[in-house]
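Peer 1:
Protein chains: 2
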Amino acid sequence: MTTHNLQDTIALLRRTPVVLDALLRDLPEIWSHRTEGDCTWTAFDVVGHLIHAERTDWVPRARWILEHGDSRPFPPFDRAGHVREVEGKSLPDLLDDFARTRAISLNQLGALNLQPAHFFRRGHHPALGSVTLSQLLATWPAHDLTHLHQISRIMAHQYRETVGPWSRFLGVMQCAGHGA
Amino acid sequence: MTTHNLQDTIALLRRTPVVLDALLRDLPEIWSHRTEGDCTWTAFDVVGHLIHAERTDWVPRARWILEHGDSRPFPPFDRAGHVREVEGKSLPDLLDDFARTRAISLNQLGALNLQPAHFFRRGHHPALGSVTLSQLLATWPAHDLTHLHQISRIMAHQYRETVGPWSRFLGVMQCAGHGA
Chain A
1 MTTHNLQDTI
11 ALLRRTPVVL
21 DALLRDLPEI
31 WSHRTEGDCT
41 WTAFDVVGHL
51 IHAERTDWVP
61 RARWILEHGD
71 SRPFPPFDRA
81 GHVREVEGKS
91 LPDLLDDFAR
101 TRAISLNQLG
111 ALNLQPAHFF
121 RRGHHPALGS
131 VTLSQLLATW
141 PAHDLTHLHQ
151 ISRIMAHQYR
161 ETVGPWSRFL
171 GVMQCAGHGA
Chain B
1001 MTTHNLQDTI
1011 ALLRRTPVVL
1021 DALLRDLPEI
1031 WSHRTEGDCT
1041 WTAFDVVGHL
1051 IHAERTDWVP
1061 RARWILEHGD
1071 SRPFPPFDRA
1081 GHVREVEGKS
1091 LPDLLDDFAR
1101 TRAISLNQLG
1111 ALNLQPAHFF
1121 RRGHHPALGS
1131 VTLSQLLATW
1141 PAHDLTHLHQ
1151 ISRIMAHQYR
1161 ETVGPWSRFL
1171 GVMQCAGHGA
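Protein chains in written order, with the working numbering: chain A, 1 to 180; chain B, 1001 to 1180.
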């Protein structure tokens, strides 16, 4: 089994709120508040989803593994949970919320005082089955990256017509989305 | 023809160096100096490519259109041009160079004092044929986004094994690359 270096994971986790702030705060709405079409998300929605994941997914599931092992599956994640997160909020509100919830999560992670043996502890994912604490913690920054990848694609989509024939040279415009 | 709002374009162009700095400066080398496999780029290489494009692609081609119209094709872009840009440089060096070259480009763009009628001026791309100045300028931030999309994918690739079964829920890990 491939385990990972928790310091590499944390180095990336610390940056994501700063990166999204630099990319999105006060950006014209063409970039932040438009979707890729029906039933798809805006960059604004994605930030709401990241906040929701922060509250319900990462540290809560790490604690679940430490408390219950694989005797009980994780509570399932609500992929529409961002709808409540974004209600009545502005994009700057969400960026502030994400920075705050991420900082809290990283403090909570530190307080778990994880030791190498903990990484092999197993939990039970409701869809994926048996997973390790190491895999859960590695998925956290990879999930940030999947949504940075998604945001760059949503934004590029807004210029799909505007770039004219160059769209075939732009890899992001060939990306089908892969569900996120 | 779809034209575009130059202020939307500039708003994004100004941010990209700040975003890449927030994402990459002082990040562990697992994220910044590894590829997706043979003949693919590291995040470090991508920053070198962005600098090279800044020097040879955007403002130089805008000037080419204003001077030559479509009477002469653009000089072709060297996709291996980043090799010289990165030689002997550190990642912080490249991030500084990119911020500096982008600021220079935006000053040069402002000095062109473009008016709406200019956007319809046509140039001749050596592979794509007839293109407009509007399409060229729209492609500039879209090219930033295609490489932000690529960097997030290169970085996520480093955890492909580490996340275990979660890889199938992470869109970025399904992304085939589309050539950039």
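Glycine included, C-beta positions come from ideal geometry on N, C-alpha and C.
No experiment lies behind these values; they were computed from the predicted model shown.
Helix, strand or coil for S130 (chain A) per DSSP?
Peer 2: Strand at S130 (chain A).
Peer 1: Starting from the C-beta of P1092 (chain B), find all residues in its chain whose C-beta is less than 8 Å away, skip the five residues before and the five after it, and write them out in chain order.
Peer 2: Excluding sequence neighbours, P1092 (chain B) sits near R1025 and D1026.
Peer 1: Please list the partners that L133 (chain A) has in chain B, where partner means a Cβ-to-Cβ separation under 9 Å.
Peer 2: The contacting residues do not exist; L133 (chain A) stays about 11 Å from chain B at best.
Peer 1: Of all the beta strand (DSSP E) runs that stay within the bounds of the region 1094-1174 of chain B, which reach a length of 3 or more residues?
Peer 2: Here the runs fully enclosed are 1122-1125 and 1129-1132.
Peer 1: Indicate whether at least one CB of chain A lies closer than 8 Å to the CB of R1153 (chain B).
Peer 2: Chain A contact via Cβ: present.
Peer 1: Beta carbons nearer than 7 Å to chain B: which residues of the region 163-174 of chain A have them?
Peer 2: Result list: V163, G164, P165, W166, L170, G171, V172 and Q174.
Peer 1: Determine the DSSP secondary structure at P75 (chain A), reduced to helix, strand or coil.
Peer 2: Here P75 (chain A) sits in coil by DSSP.
Peer 1: Classify D57 (chain A): buried if its beta carbon has 16 or more other beta carbons within 10 angstroms, exposed otherwise.
Peer 2: D57 (chain A) comes out buried.
Peer 1: Could you tell me the alpha carbon to alpha carbon distance between P1141 (chain B) and H1033 (chain B), rounded to whole angstroms?
Peer 2: So the two alpha carbons sit approximately 24 Å from each other.
Peer 1: Which ranges would you report for the alpha helix (DSSP H) in the region 39-77 of chain A if only whole runs of at least 4 residues count?
Peer 2: The qualifying runs are 43-56 and 58-68.
Peer 1: At 7 Å on the CB atoms, spell out the chain A contacts of I1030 (chain B), in chain order.
Peer 2: Ordered by position in chain A, the residues that pass the 7 Å Cβ test against I1030 (chain B) are D8.
Peer 1: Closer than 8 Å, Cβ to Cβ, to anything on chain B: give me those residues from the region 37-71 of chain A, in chain order.
Peer 2: Cβ contacts with chain B come from no residue of the region 37-71 of chain A.
Peer 1: Among the candidates B:A1117, B:L1145 and B:R1153, whose CA atom is the shortest distance from the CA of M155 (chain A)?
Peer 2: The shortest Cα separation from M155 (chain A) among B:A1117, B:L1145 and B:R1153 belongs to B:L1145.
Peer 1: Drop a sphere of 10 angstroms on the beta-carbon of H1004 (chain B), count the other beta-carbons inside from all chains shown, and report buried for 16 or more, exposed for fewer.
Peer 2: It is buried - the Cβ of H1004 (chain B) has at least 16 other Cβ atoms within 10 Å.
Peer 1: With contact counted as at least three CB pairs below 8 Å, one residue from each stretch, are the region 1005-1024 of chain B and the region 1059-1073 of chain B in contact?
Peer 2: At 8 Å Cβ cutoff, the stretches do not touch.
Peer 1: For A99 (chain A), which residues in chain B fall below 7 Å Cβ to Cβ?
Peer 2: Here the premise fails: no neighbours, minimum Cβ distance about 12 Å.
Peer 1: Can you give the beta carbon distance from S130 (chain A) to R122 (chain A), rounded, assuming they're within the 8 Å contact cut?
Peer 2: The pair is a contact, with the Cβ atoms about 6 Å apart (cut-off 8 Å).
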